[in-house]
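Chemist: All residue numbers for the sequence shown refer to our numbering, where the first residue is 173 and numbers rise by one. All C-beta atoms, glycine included, are put in the ideal place defined by N, C-alpha and C. Small disclaimer: the values here were computed from a predicted structure and weren't measured.
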Amino acid sequence: MNSEFDTPESYWLEPDFLLLDLVSYLANKLGAQIGITLMIKGAFLTGTLVGEREYLKAISHLFQNMITATLPNNLSAADKRSITESLDFNALAEDIYPENMDDDDDEEGAFDTPPIRYLHLKDPTIIQAGAALSLSENLLPIMRIRVSAVDGWMTGRLMTMVSANNEEDDQNDADDDGSGTIFTRPGRIQ
């Protein structure tokens with residue numbers, strides 16, 4: 173039993189294979205960005221699913237910029253380059269596809285990727301009863317989430333609902349911006 177999910181007792185703890193495929197193939201391999209809503213421990217997390225490489229590139233860029241701004245001026249160019257290269261996390265991707273892999277290659281076991289453990293949510297918003305918290309203005313607006321922590325999911329971004337006391341019909345009509353919005357206003361489903 174090679175995986176932490178291979179025991180009979182852990183069957184119900186196993187991540188959803190459809191979500192794993194969505195993350196692995198569409199986000200990580202193809203680089204597609206998909207609106208998604210996750211249910212985790214009673215809270216909703218909504219945002220745009222992005223690939224692991226985009227997350228690693230963003231976190232590398234953030235740390236490299238932060239360290240470059242704090243390095244002393246008398247440091248040699250080689251030392252500066254060495255320090256910034258040590259903060260390049262792009263090679264740490266867990267879901268790696270060889271570049272020469274043919275999409276039509278159906279040989280069993282020809283290329284086995286290790287199971288992915290994380291997904292990445294860009295411009296996340298956390299929605300709980302009575303509150304919504306947007307994290308899109310952070311220095312790194314991509315949240316790393318353990319796939320095994322996800323209790324449920326659906327495609328499309330969940331938007332916070334306006335109070336039922338708001339009677340302004342003009343503001344209750346949502347514009348279709350193509351973002352995959354699920355809920356926009358009370359009683360309005362797109």
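Pull up the CB-CB distance for Leu224 and Glu266, whole angstroms please, since I reckon it's below 8 angstroms.
Modeler: Your numbering for residue 224 matches position 52 in the sequence shown. Your numbering for residue 266 matches position 94 in the sequence shown. Rather than Leu, the amino acid found at residue 224 in this sequence is Glu. That belief holds up - the Cβ atoms of Glu224 and Glu266 are roughly 7 angstroms apart, short of 8 angstroms.
Chemist: Can you give the Cα-Cα distance for Gln162 and Arg289, rounded to whole angstroms?
Modeler: Limits of the chain in this structure are 173 at one end and 362 at the other, which puts residue 162 out of reach.
Chemist: Where do the ends of the alpha helix (DSSP H) carrying Asp295 lie?
Modeler: Looking up residue 295 in the sequence shown gives position 123. Looking at the DSSP string, Asp295 is not in any alpha helix (DSSP H); the run it does join, the beta strand (DSSP E), is Tyr290 to Gln300.
Chemist: Look at Lys294 and Ile317 and say whether their C-beta atoms are less than 7 angstroms apart.
Modeler: As a first step, residue 294 must be located in the sequence shown, where it is residue number 122. As a first step, residue 317 must be located in the sequence shown, where it is residue number 145. Taking 7 angstroms as the Cβ cut-off, Lys294 and Ile317 do not qualify as a contacting pair.
Chemist: Going by beta-carbon coordinates alone, are Ile231 and Ala321 separated by less than 7 angstroms?
Modeler: Here residue 231 is taken as the residue at index 59 of the sequence shown, counted from 1. Here residue 321 is taken as the residue at index 149 of the sequence shown, counted from 1. Cβ distance not < 7 angstroms, so Ile231 and Ala321 don't count as in contact.
Chemist: To the nearest angstrom, how far is it from the Cα of Ser308 to the Cα of Ala250?
Modeler: Counting from 1 along the sequence shown, the entry for residue 308 is found at position 136. Counting from 1 along the sequence shown, the entry for residue 250 is found at position 78. Going by the C-alpha atoms only, they are around 35 angstroms apart.
Chemist: Within a Cβ cutoff of 6 angstroms, which residues of the same chain sit near Asn200, ignoring the five residues on either side of it in sequence?
Modeler: Position 28 of the sequence shown, counted from the first residue, corresponds to residue 200. Within the same chain, Asn200 has close Cβ partners Gly223, Glu224 and Asp267.
Chemist: Helix, strand or coil for Ala204 per DSSP?
Modeler: Locating residue 204 in the sequence shown gives position 32, counting from the first residue. Correct three-state label for Ala204: coil.
Chemist: If contacts are defined as beta-carbon pairs under 8 angstroms, then Trp325 and Leu192 qualify, I think. What distance do you get, rounded to the angstrom?
Modeler: As a working mapping, residue 325 is identified with position 153 in the sequence shown. As a working mapping, residue 192 is identified with position 20 in the sequence shown. Not really, about 11 angstroms apart at Cβ, beyond 8 angstroms.
Chemist: Might you give, ordered along the chain, the residues of its own chain that have their beta carbon closer than 6 angstroms to the beta carbon of Gly219, omitting 5 neighbours on each side?
Modeler: Position 47 of the sequence shown, counted from the start, is the residue given in the question as residue 219. Leu293, Lys294, Asp295 and Pro296, listed in sequence order.
Chemist: DSSP three-state label for Ala265, please.
Modeler: For the purposes of this step, residue 265 is taken as residue 93 along the sequence shown, with counting starting at 1. Coil, per DSSP.
Chemist: Would DSSP call Met238 helix, strand or coil?
Modeler: Counted from its first residue, the sequence shown places residue 238 at position 66. Of the three classes helix, strand and coil, the one that applies to Met238 here is helix, per DSSP.
Chemist: Measuring straight from C-alpha to C-alpha, what distance separates Pro187 and Ala263?
Modeler: Taking the sequence shown and counting its residues from 1, one reaches residue 187 at position 15. Taking the sequence shown and counting its residues from 1, one reaches residue 263 at position 91. Approximately 25 angstroms, taken between the alpha carbons.
Chemist: Compare the C-alpha of Thr327 against each of Met238, Leu217 and Ile239 and name the closest.
Modeler: Reading the sequence shown from its first residue, position 155 is the one you call residue 327. Cα-wise, what sits closest to Thr327 is Leu217.
Chemist: Where does Ser254 fall in DSSP's three states?
Modeler: As a working note, residue 254 is residue 82 in the sequence shown. Reduced to three states, the DSSP call for Ser254 is helix.
Chemist: What's the C-alpha gap between Gly203 and Pro244?
Modeler: Within the sequence shown, the letter at position 31 stands for residue 203. Within the sequence shown, the letter at position 72 stands for residue 244. Going from the Cα of Gly203 to the Cα of Pro244 covers about 37 angstroms.
Chemist: Label Arg253 either buried or exposed according to how many other C-beta atoms from any shown protein chain fall within 10 Å of its C-beta, with 16 as the threshold for buried.
Modeler: By 1-based counting over the sequence shown, the position of residue 253 is 81. Arg253 is exposed by the Cβ-count criterion.
Chemist: Per DSSP, what are the beta-bridge partners of Ala304 in this structure?
Modeler: Within the sequence shown, numbered from 1, the residue matching residue 304 stands at position 132. Answer is Ile299, bridged to Ala304.
Chemist: Nearest-angstrom Cα distance between Thr256 and Gly302?
Modeler: For the purposes of this step, residue 256 is identified with residue 84 of the sequence shown, where counting begins at 1. For the purposes of this step, residue 302 is identified with residue 130 of the sequence shown, where counting begins at 1. Going by the C-alpha atoms only, they are around 43 angstroms apart.
Chemist: Using 10 angstroms around the beta-carbon of Ser258, count the other beta-carbons present and answer buried if the total reaches 16, otherwise exposed.
Modeler: Within the sequence shown, residue 258 is the residue found at index 86, counting from 1. Exposed is the call here.
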